[in-house]
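Colleague: This is the structure I want to talk about, given as structure tokens.
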Amino acid sequence: MNIGLILRSLLALLLIVGLWLAWWIFGRSPEAQVRAAQASLIEAVEERDWDALEKLIAPNYTDAYGHNREAALQDGRKFLSGFFTLTLKTDQTTIRAAKGQGMVTTMIRLEGNGVGYSQMILGHVNQLTEPWIFHWSNPGRWPWDWQVNMIHNDQVR
């Protein structure tokens with residue numbers, strides 16, 4: 121085998137991978153970045169991954185229900201801990217994003233099984249006819265620094 125050919129092939133492969141990685145880090149549109157952050161948030165809620173949720177919720181989070189970041193996480197633990205399984209189905213999703221700011225509007229339906237509050241939560245969320253609105257910001261310079269600043273639904277009081 122020709123060692124020079126193998127080395128050139130490996131170098132070309134490394135260059136291609138490096139260019140793809142640079143594009144993935146710096147070249148994706150704000151909309152694609154917000155879409156990825158929203159998917160991470162949904163997955164973290166489904167898995168009740170509180171460490172991931174703490175990173176995805178902005179320190180200055182507030183909402184119309186009187187929550188700050190700590191209260192939202194505390195209530196999330198309280199009301200979602202009764203679920204054995206939980207799946208969030210999203211539909212009619214629209215994403216608007218510009219550099220550093222984004223908004224996701226989506227309908228959410230819950231599927232799952234559990235005890236305690238779980239059946240009441242399923243019934244309440246699934247009867248909503250208005251979409252959920254997620255306000256995102258990226259305070260950092262990296263595409264994975266997106267954090268949700270506010271979540272609201274006009275039918276939830």
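Be aware that the sequence shown starts at 121, since it is given in the numbering used here, and climbs by one per residue.
The beta carbon of each residue, even a glycine, is placed where N, CA and C say it ideally should be.
Ile271 CB to nearest chain C CB: under 8 Å?
Modeller: As a matter of chain content, chain C is missing from the structure shown, which is built from one protein chain.
Colleague: On the DSSP letters alone, give me the boundaries of the alpha helix (DSSP H) that Trp140 sits inside.
Modeller: On the sequence shown, residue 140 is found 20 positions in, with the first residue counted as 1. Its alpha helix (DSSP H) spans residues 123-142.
Colleague: So Ala157 packs on Trp266, CB below 8 Å; how close in whole Å?
Modeller: Walking along the sequence shown from the start, residue 157 turns up at place 37. Walking along the sequence shown from the start, residue 266 turns up at place 146. By a beta-carbon distance limit of 8 Å, Ala157 contacts Trp266. Their separation comes to about 4 Å.
Colleague: If I follow the unbroken alpha helix (DSSP H) through Ser238, where does it start and stop?
Modeller: Start at 1 with the first residue of the sequence shown, and residue 238 comes out as number 118. That run of the alpha helix (DSSP H) goes 238-246.
Colleague: Go ahead and label Leu131 buried or exposed: buried means 16 or more other beta carbons lie within 10 angstroms of its beta carbon, across all protein chains shown.
Modeller: Within the sequence shown, residue 131 is the residue found at index 11, counting from 1. The residue in question, Leu131, is exposed, as its Cβ has fewer than 16 Cβ neighbours within 10 Å.
Colleague: Give every residue of the same chain whose Cβ lies closer than 8 Å to the Cβ of Glu166, excluding the five residues on either side of it in the sequence, and list them in chain order.
Modeller: As a first step, residue 166 is located in the sequence shown; it is residue number 46 there, counting from the start. These residues qualify, in order along the chain: Leu206, Thr207, Leu208.
Colleague: Do Ala178 and Asn269 count as a contact pair if the criterion is CB distance below 8 Å?
Modeller: On the sequence shown, position 149 is the one that residue 269 refers to. On the sequence shown, position 58 is the one that residue 178 refers to. Against a cut-off of 8 Å, the Cβ pair of Ala178 and Asn269 comes out as a contact.
Colleague: Quick one, are the C-beta atoms of His255 and Met227 less than 8 Å apart?
Modeller: If you number the sequence shown from 1, residue 255 lands on position 135. If you number the sequence shown from 1, residue 227 lands on position 107. Going by C-beta atoms, His255 is not nearer than 8 Å to Met227.
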